[in-house]
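A quick write-up on the structure given underneath.
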Amino acid sequence: MNLVFATNNFNKLMEINQLISNKINILSLKDINCHSKIPETNPTLIQNAFQKAEFIYEKFGLNSFADDTGLEIDALFGEPGVYSARYAGEECNAFQNIQKVLKKLDGISNRKAVFKTVIALIINGQKFSFEGSVHGVITSDLIGENGFGYDPIFRPLSYNQTFAQMSIEEKGSISHRGIAIGKLVEFLSDTNNYKNI
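If you read the sequence shown in our numbering, its first letter stands for residue 14, the second for the next number, and so on.
Following this line, the structure appears as structure tokens:
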């Protein structure tokens, strides 16, 4: 099965391809000649994920999926949440987002957080969603070189490494995105779920 992954984020595309491997043929936006900036203007992760998947399905008529991910920090009342990718501003980078989080948490002992990913899938007009989450804590400094986004400051519970210290395979086996992708792959592996659509 061919599925378009509605993202311009190269890191997400690479991670998804690693997690899915040969189970599904993932097409990038470049593969389908889509050079548009895909809108992401909704107040929730699931609405944003469907907005992106619907954009591809409606414009190109191709089965597609998209994800949206948010880091929710207890002491910041759920921030950055849906604004995780642009927490420090529209044109910011991951390092600036991390610095804003660390500055806001300076002197705060409660560093509990949840990383959530929602995947929206559209096959022949039918909509499905899958969610993954992982609880952890925010470290006081950046630790590790791997991964992307908030990975250098997120340490999952029961682990002594941040996501940025883990290999893609190790992170994928326990991460919010890995859990959501696992549910997507399980769903797609059983054609009874969508063969009559």
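Ideal Cβ positions, reconstructed from N, Cα and C, are used throughout, including at glycine. Everything numeric in this text was worked out from a predicted model, so none of it was measured.
Q) Less than 8 Å separating the beta-carbons of Phe161 and Phe167? A) no
(Q) Below 8 Å on the Cβ atoms is my contact criterion, and I expect Lys117 with Glu85 to pass it. Report the Cβ-Cβ distance as a whole number of Å. (A) Actually they are not in contact, since the Cβ atoms of Lys117 and Glu85 sit about 13 Å apart, beyond 8 Å.
Q) What residue from Phe90, Ser142 and Met27 has the CA that sits closest to Asn159's CA? A) When Phe90, Ser142 and Met27 are compared, the shortest CA-CA separation from Asn159 is found for Met27.
Q: Spatial neighbours of Asn46 within its chain, please: CB distance less than 8 Å, with the 5 preceding and 5 following residues excluded, ordered by chain position.
A: None.
Q | Start-to-end residues for the beta strand (DSSP E) that takes in Phe18 | A | Per DSSP, the continuous beta strand (DSSP E) segment holding Phe18 begins and ends at Asn15 to Phe18.
Q.
Count Cβ pairs between the region 90-109 and the region 130-143 that sit closer than 8 Å; are there 3 or more?
A. Note that the region 90-109 does not touch the region 130-143; fewer than 3 beta-carbon pairs, one per stretch, sit closer than 8 Å.
Q: Return the CA-CA distance between Asn236 and Asn22, expressed in angstroms with no decimal places.
A: Nothing in the structure corresponds to residue 236, since the chain is present only between 14 and 210.
Q.
Looking at Val147: is its Cβ nearer than 8 Å to the Cβ of Ser188?
A. yes
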